[in-house]
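Asker: Dumping the structure here so I can ask a few things about it.
Residue numbers (the numbering used here): 6 to 670.
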């Protein structure tokens, strides 16, 4: 039986009043509905306790700002009251956000992890307009099906008598236009008498295990907007859900907190699970200090976060100390490590995320910049990258260009990563950008290696404090289970489970990789090399060899001689790149691709053979086999169900003009 859906709309109040958020259910239930919630700082501040702009809690202000709304059985709505405090400053209207999460007995429409609504604190001091602009920051799971969108809400604090138009554009972060989302620019209109509009950005879905990514939407405020660029951008977080099919994928987002409050790091699962999820965590020192105890900027935390079965959201709370120093904004980092019943996106070993401590003493700018320190497995597909995030502590009203360059530590430019230097610009209103560095795969047994990204701030003293270096850790994943050597005889060599190295040397050998990421070399002779499951590397060596990649993303080279590359099922080399095999040295008129064991027509009786159609397009006929030249290589594809889409694919390095005689059909 379907549960009712939850909705909430924005709320507002003048200073010294209450913003009333009404949470509604689409239908009453026979049991109570419980919904956790919290407040999030926008341009309004939640700390310190004696100078808050707003308070999200019931009764006595909560140290942690987390609470639970209960809608009784049979009821369809309830209120959350947010106290908007009075001050004596003539200022622009300010924003905060109310976030709902972990509903029980009801659900969010579309099944997002959280549901956010804007709160507006309206200024009542001084004269003139206080009109402000605010943009939301959506979180969306990448998903599948071709219709996922990141929906940005664009708000003004007060309705106007005439239409208001704002130009906007998307800006890359770690997510790239074209491959992760579709770039967009234009104008968004908030009609007369209205306060809200939306901008929808299409996502590009894939099935590749990758890091959680982000991109920004930047609006240009017009002259009527009194808060300038401080609320003019939103950041879309695109959560990976392809790293693991059996377990949810973990994401964690940057946290910002004014001195004297509690910083909440939000941890989200890509989906709920029937088992509790456990994640170890610890805080790391940035420019903010965690000692000595009587004079520290934040309280160090170490522990295990538990997200209950059926829930998707948890929080790590870090207490930020109030001081009375006029200083720049400071940084603290949260590190997540060992996990139970969930995985980090992109198969990362650990996950680190920034926390920004916003100074609230004195006057003038406190703008700071911080560089992240990623940890990533080296990998073996040649597609791994280290992504450095460059953060501003708050939005700035002009473009800021930072110079960067990589530098060796224990990792070496050229052999472990591809060195890089250049400039990255954080645009007006934007708070985060990214620099991506390609890694170089190898199969050496070695320890973890590191290199730096060194960042130089723009001149003029606009950025008051720059943490000038991030350190990337390349975690080794080339553990070898067993090394098996043959000899001059005809050997039968089997690796079984694990990542094996198998060498046939002389003789007509049979090499079986089994499970794991195996590397096999037949050596001289007429060899049979079978990778089994896993992402394997197969080399035939000299002689007329038979190579069978099996399931996984395999790389094969026949070497000298007449070699045959055997594919036994469409799953041996998939249309998707992560499961597609590559042949490095296919020689026309000499080597063969053997596809005779694959049934070319799904649903038809018998074992049907493929029909080679050269470079012609698929024509809605099951069993067609074709090739094309793409990105300097030759791509072989097959359609087994007649939908004109590739169900099977092989990449041959180089440009080859294939004929039917190059296949065994």
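All residues carry an ideal CB built from backbone N, CA and C; glycine is no exception. In this text the structure is predicted, and so the values were computed from the model without any measurement.
What residue range is occupied by the uninterrupted beta strand (DSSP E) comprising residue 318?
Answerer: Per DSSP, residue 318 belongs to the beta strand (DSSP E) from 318-324.
Asker: State the start and end residues of the unbroken beta strand (DSSP E) segment that holds residue 489.
Answerer: Where residue 489 is concerned, the enclosing beta strand (DSSP E) stretches over 487-490.
Asker: Here's the rule I'm using: 16 or more other beta-carbon atoms within 10 Å means buried, otherwise exposed. How should residue 402 be labelled?
Answerer: It counts as exposed.
Asker: In whole angstroms, what separates the C-alpha of residue 42 from that of residue 275?
Answerer: Roughly 19 Å separates the two Cα atoms.
Asker: What's the gap between the Cα of residue 517 and the Cα of residue 501?
Answerer: Cα to Cα, the separation comes out at about 8 Å.
Asker: Taking a contact to mean a Cβ-Cβ separation below 8 Å, would you say residue 172 touches residue 26 in this structure?
Answerer: No. Outside cutoff.
Asker: The beta strand (DSSP E) that contains residue 524, what's its start and end?
Answerer: Residues 524-526.
Asker: Going by DSSP, which residues form a beta bridge with residue 480?
Answerer: Looking at the DSSP assignment, residue 480 forms a beta bridge with 382.
Asker: From residue 79 to residue 85, what distance separates their C-alpha atoms?
Answerer: Rounded to the nearest angstrom, the two C-alpha atoms are 18 Å apart.
Asker: Name the DSSP bridge partner or partners of residue 234?
Answerer: Note: residue 234 sits in no beta bridge, so no partner.
Asker: Bridge partners of residue 624, per DSSP?
Answerer: Partner(s): none; residue 624 has no beta bridge.
Asker: Suppose only complete runs of 3+ residues qualify. What are the beta strand (DSSP E) ranges in the region 560-585, listed by chain order?
Answerer: With a minimum length of 3 residues, the continuous beta strand (DSSP E) runs that stay inside the region 560-585 are 560-562, 569-571.
Asker: Excluding the 5 residues preceding and the 5 following residue 233 in the sequence, name in chain order all residues of the same chain whose CB lies nearer than 7 Å to its CB.
Answerer: Hits under 7 Å: 226, 402.
Asker: Would you call residue 21 buried or exposed, if buried means 16 or more other Cβ atoms sit within 10 Å of its Cβ?
Answerer: Exposed.
Asker: Residue 17 bridges to which residues according to DSSP?
Answerer: Residue 17 pairs with 125.
Asker: Return yes when the Cβ of residue 346 is within less than 8 Å of the Cβ of residue 214, no when it is not.
Answerer: Result no, Cβ atoms of residue 214 and residue 346 do not sit closer than 8 Å.
Asker: Going by Cα to Cα distance, which pick from 94, 612, 160 is closest to residue 124?
Answerer: Comparing Cα positions, the closest option is 160.
Asker: Do residue 508 and residue 491 count as a contact pair if the criterion is CB distance below 8 Å?
Answerer: It is a contact, given that the beta carbons lie within the stated cut-off.
Asker: Quick one: residues in its chain with C-beta nearer than 7 Å to the C-beta of residue 236, no 5 flanking neighbours on either side, listed in chain order?
Answerer: Hits under 7 Å: 47, 48, 100, 137, 138, 139, 140.
Asker: Cβ atoms of residue 279 and residue 293: under 8 Å apart, would you say?
Answerer: Contact flag unset, no.
Asker: Check whether the region 622-630 and the region 640-649 touch, using three or more Cβ-Cβ pairs below 8 Å as the test.
Answerer: Contact between the region 622-630 and the region 640-649 is present, because at least three Cβ pairs lie under 8 Å.
Asker: How about residue 13: is its C-beta nearer than 8 Å to some C-beta of chain D?
Answerer: Among the chains in the structure shown there is no chain D, since it carries only a single protein chain.
Asker: As a quick exercise: from 543, 547, 410, 564, pick the residue whose alpha carbon is nearest that of residue 555.
Answerer: For the residues 543, 547, 410, 564, the minimum Cα distance to residue 555 belongs to 543.
Asker: Please report the Cβ distance between residue 45 and residue 102, rounded to the nearest whole angstrom; I am assuming they are in contact, meaning their Cβ atoms lie under 8 Å.
Answerer: Right, the Cβ-Cβ distance comes to about 4 Å (below 8 Å), so this counts as a contact.
Asker: Measure the CB-CB distance between residue 562 and residue 590 and report whether it falls below 8 Å.
Answerer: In contact: residue 562 and residue 590 (Cβ atoms closer than 8 Å).
Asker: Check residue 248 in the structure and name its three-state DSSP category.
Answerer: Looking at residue 248 - three-state DSSP - the assignment turns out to be coil, as it is neither helix nor strand.
Asker: Residues in the same chain with beta-carbon distance under 6 Å from residue 304, minus the five sequence neighbours each way, listed in chain order, please.
Answerer: Here the set comprises 324.
Asker: Measure the CB-CB distance between residue 217 and residue 187 and report whether it falls below 8 Å.
Answerer: No.
Asker: In terms of alpha-carbon separation, which member of 272, 588, 52, 458 lies closest to residue 410?
Answerer: Nearest of 272, 588, 52, 458 to residue 410, Cα basis: 458.
Asker: Grouping DSSP H, G and I as helix and E and B as strand, with all else coil, what is residue 84?
Answerer: Strand.
Asker: State the Cα-Cα distance for the pair residue 142 and residue 238, rounded to the nearest angstrom.
Answerer: Cα to Cα, the separation comes out at about 8 Å.
Asker: Does the Cβ of residue 190 have 16 or more other Cβ atoms within 10 Å, making it buried, or fewer, making it exposed?
Answerer: Flag for residue 190 reads exposed.
Asker: Where does residue 521 sit, in a helix, a strand or coil, going by DSSP?
Answerer: Of the three classes helix, strand and coil, the one that applies to residue 521 here is coil, per DSSP.
Asker: Please give me, in chain order, every unbroken run of the beta strand (DSSP E) with length at least 3 that falls completely inside the region 331-391.
Answerer: The qualifying runs are 335-345, 356-363, 373-376, 380-382.
Asker: Let me confirm a value: residue 51 is counted as buried when at least 16 other C-beta atoms fall within 10 Å, else exposed. Which label applies?
Answerer: Buried, since its Cβ has 16 or more Cβ neighbours within 10 Å.
Asker: Can we say the region 199-214 touches the region 461-472, given the rule of at least three CB pairs closer than 8 Å?
Answerer: Result no; under three Cβ-Cβ pairs closer than 8 Å.
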